[in-house]
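The letter at position 52 of the sequence shown is residue 117 when you use our numbering, and the numbering goes up by one with no holes. All remarks here apply to the structure that follows.
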Amino acid sequence: MGLFSKLFGGGKSPEPKQVEPVEYKGFLIYQEAIAENGQYRIAGRITKTFDDEVKEHRFIRSDVLGTESDANELMLKKAQMFIDQMGEKIF
């Protein structure tokens, strides 16, 4: 039975990675590339605390890159540009 569960995706899912956020203009950016068919999709979160309440904006882009570090680096640049353009209107 163990062989079949490995072949068909059964069993335990991998533990989520702990991601260290990057602070930018009072926002926290979490780079969370998603592995997909041997490549990595740009994805992540932007958070900011308002009066002890954490607001969060999640996004997944259509862009895919060959390495996780490249996807995370581009995600950071896109998130910074998004913050520059939208500011607190993100939430």
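Ideal Cβ placement from N, Cα and C applies to all residues, glycine included.
Asked                                                                                                                                        : Found
Less than 8 Å between the beta carbons of Gln96 and Met140, yes or no?                                                                       : yes
Which residue wins for smallest C-alpha separation from Thr112, given the options Lys143, Glu138, Gly91?                                     : Gly91
For Ala98 and Tyr105, which I take to be in contact (beta-carbon distance under 8 Å), what is that distance rounded to the nearest angstrom? : 4 Å
Pop quiz: Arg126 and Ala108 are said to be a contact at Cβ under 8 Å. What is the actual Cβ separation, rounded to whole angstroms?          : 7 Å
Between Gly103, Pro86, Glu85, which has its C-alpha nearest Val129's C-alpha?                                                                : Gly103
By the three-class DSSP mapping on this structure, what secondary structure does Ala100 have?                                                : strand
With DSSP collapsed to three states, give me the class of Glu138.                                                                            : helix
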